[in-house]
Amino acid sequence: MSSPTGLAPVNVPGTGESRPTSPTAGSLWRGGRGALLAALLVVLVAVGGVLLSGGQDPGRPLDPESTALTGSRGLAQLLRANGVRVVRVTSVTEAVTAAEGAQGAGGSTLLIGDTSFLDEEEAERLAAAPADRLVVGDQPYLTLLAPGVNPGPAVRTRSREPGCSLPAAVKAGSAYLGGTTFTTPFGGIGCYPANGSPTLLGYADGDHKVTVVGDGQFMSNLRLAEDGNAALATNLAGARPTLVWLVAPETPSESGAAPQSVYDLIPPAVGWAVVQLGVVVVLLALWQGRRLGPVVTERLPVVVRAAETVEGRARLYRARRARDRAVSALRTGFVDRVIPRLGLPATATPDAVVGAIVERTGQPAAYVGSALYGQAPADEAGLIAVAAYLDMLERQVRES
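Residue numbers for the sequence shown follow our numbering, so the first one is 53 and each next one is one higher.
As structure tokens, this is what we get:
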């Protein structure tokens with residue numbers, strides 16, 4: 053019973069009376085430790101997310117130093133393992149200088165993945181560099197870097213078969229190609245066709261080889277391990293002992309200032325509002341979730357034995373002549389007790405229960421089925437007979 057004041061009564065020794073009690077520090081701790089643990093987990097997850105997101109590589113597409121999914125750190129490492137010297141440059145001057153320095157060491161391949169930061173004069177200098185050229189995508193100065201090649205319609209990038217005789221493509225097999233299609237110049241070889249147009253082609257431009265691909269995703273960290281992407285990328289980019297890899301120069305935010313996180317974009321006033329809201333939630337939880345004191349044991353006015361409860365219900369069944377309900381209770385209790393011993397699931401069908409009992413006890417199936425699922429007895433003698441038979445079956449199941 054609860055007192056009118058809302059506090060649980062506590063027995064006072066020697067008086068037989070009760071008095072209210074206030075929540076103790078121990079009861080408050082037991083009641084609130086679950087909420088505190090949940091709040092601690094939320095804070096740890098939030099801090100872990102911030103730390104992990106802050107340490108991630110923002111990634112620059114086809115950058116040999118980037119470990120992001122769009123980067124190409126994996127390809128650069130694979131080329132170095134095969135003996136190819138990878139030189140990352142961010143300007144035309146560096147690219148031309150590196151290509152000229154590799155002339156006496158077997159030559160070089162100039163990989164051009166982004167020319168958006170170049171002007172026409174710089175594109176002409178790249179085209180005149182003493183190196184093979186691997187041009188990725190539809191570049192602004194494609195006609196200068198790959199004379200005689202014009203871009204065509206764009207197609208979906210997917211796994212394609214080479215369908216050509218270019219050795220680098222034949223050895224690699226299927227690869228993740230698509231993007232821009234191209235027109236094949238005289239003497240060129242088109243590969244990985246889409247809608248009748250190649251998405252990769254190679255041809256000779258004077259003393260140097262020029263290779264153009266419509267999409268460079270097959271060289272990225274995300275796609276490198278799929279199909280023959282790694283083989284195709286190494287065959288194209290590692291054809292010469294030196295690979296001069298041109299990437300766009302870093303922006304001021306990438307080279308100096310730290311990148312902004314999502315928390316930097318939140319106005320300062322929002323933080324104070326969240327703190328105040330948190331204080332309100334905590335106070336509300338303490339107010340509504342307070343304990344009413346420990347549970348107390350009170351002396352019952354009357355003690356009723358379990359057997360008397362069963363006898364009382366039996367008398368009610370007998371007075372109402374509810375033999376159907378009585379036999380149903382007997383049968384339900386019997387099945388609930390013997391099913392685990394028979395190794396049957398709780399959803400076992402009547403046929404399965406009868407079959408298992410017959411197999412275990414040897415009793416006739418007709419008797420067992422009638423006792424468990426037959427009609428209700430017509431009189432009390434029949435009810436007593438069913439109860440005795442079920443008791444005998446349960447004893448045999450238990451002892452078998």
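Note that the Cβ used here is the ideal one computed from N, Cα and C, for glycine as well.
Keep in mind that this is a model prediction, so the values were computed, not measured.
Item to complete: Just the C-alpha distance for Tyr-441 and Ala-423, rounded to the nearest angstrom, thanks.
Response: 7 Å
Worksheet item: Taking the DSSP output, what are the residues bridged to Arg-140?
Response: Trp-297
Item to complete: Determine the burial state of Asp-443: buried for a count of at least 16 other Cβ atoms within 10 Å of its Cβ, exposed for fewer.
Response: exposed
Fill in: Proximity winner among Val-405, Val-332, Leu-298 and Arg-393, relative to Ser-50 (alpha-carbon distances)
Since the first residue shown for the chain is 53 and the last is 452, residue 50 is missing from the structure and cannot be characterised.
Discussion item. By the three-class DSSP mapping on this structure, what secondary structure does Ala-408 have?
Written reply: helix
Worksheet item: From Arg-373 to Ala-428, what distance separates their C-alpha atoms?
Response: 11 Å
Item to complete: Hey, could you find the ends of the alpha helix (DSSP H) Val-334 is sitting in?
Response: 320–340
Worksheet item: Under the DSSP definition of a beta bridge, which residues are partnered with Gly-156?
Response: Bridge partners of Gly-156: none, in fact.
Discussion item. Give me, in chain order, the residues of the same chain whose beta-carbon lies closer than 7 Å to that of Gly-68; leave out the 5 immediate sequence neighbours on both sides.
Written reply: Any answer about Gly-68 is weak, because its pLDDT of 45 lies below 50 and its placement is not dependable; what the coordinates show is given next. No residues qualify anywhere along the chain.
Item to complete: Answer with buried or exposed for Ile-164, where buried requires no fewer than 16 other C-beta atoms within 10 angstroms of its C-beta.
Response: buried
Practice prompt. Please work out which residues of its chain come closer than 6 Å, Cβ to Cβ, to Gly-106, disregarding the five sequence neighbours upstream and downstream, and give them in chain order.
Written response: Any reading at Gly-106 is ruled out, since the residue's pLDDT is 49, under 50, leaving its predicted position unreliable.
Worksheet item: When DSSP builds the beta bridges, which residues end up paired with Tyr-228?
Response: Ser-211
Worksheet item: When the Cα of Leu-295 is compared with those of Leu-445, Ala-147 and Thr-119, which residue comes out closest?
Response: Ala-147
Discussion item. Measuring CB atoms only, is the region 260–279 touching the region 184–199, in the sense that at least three cross pairs come out at less than 8 Å?
Written reply: yes
Practice prompt. On a CA-only basis, which of Val-390, Ile-391 and Arg-375 is nearest Gly-434? Give me that one, please.
Written response: Arg-375
Fill in: Thr-263 - containing alpha helix (DSSP H), residue span
That residue, Thr-263, is in no alpha helix (DSSP H); its beta strand (DSSP E) goes 260–265.
Practice prompt. Put Pro-113 into one of helix, strand or coil per three-state DSSP.
Written response: coil
Worksheet item: With DSSP run on the structure shown, which of helix, strand or coil describes Asp-403?
Response: helix
Worksheet item: Between the C-alpha atoms of Leu-329 and Thr-122, what's the straight-line distance to the nearest angstrom?
Response: 41 Å
Fill in: Limits of the unbroken alpha helix (DSSP H) element including Leu-276
Taken as a continuous stretch (DSSP letters only), Leu-276 belongs to no alpha helix (DSSP H), as it is neither H nor E.
Practice prompt. Taking Ala-246 as the reference, give the member of Ala-256, Ser-211, Glu-432 and Arg-112 with the closest Cα.
Written response: Ser-211
Worksheet item: With distances taken between CB atoms, is the gap from Gly-281 to Ala-220 smaller than 7 Å?
Response: One point to set straight first is that residue 281 is Asn, not Gly, in the sequence displayed. The answer is no: Cβ separation not under 7 Å.
Item to complete: Would you identify the three-state DSSP class for Thr-384, choosing helix, strand or coil?
Response: helix
Fill in: Between the CA atoms of Glu-302 and Thr-236 - distance to the nearest angstrom
34 Å
Fill in: Buried/exposed call for Gly-78, threshold 16 Cβ in 10 Å
exposed
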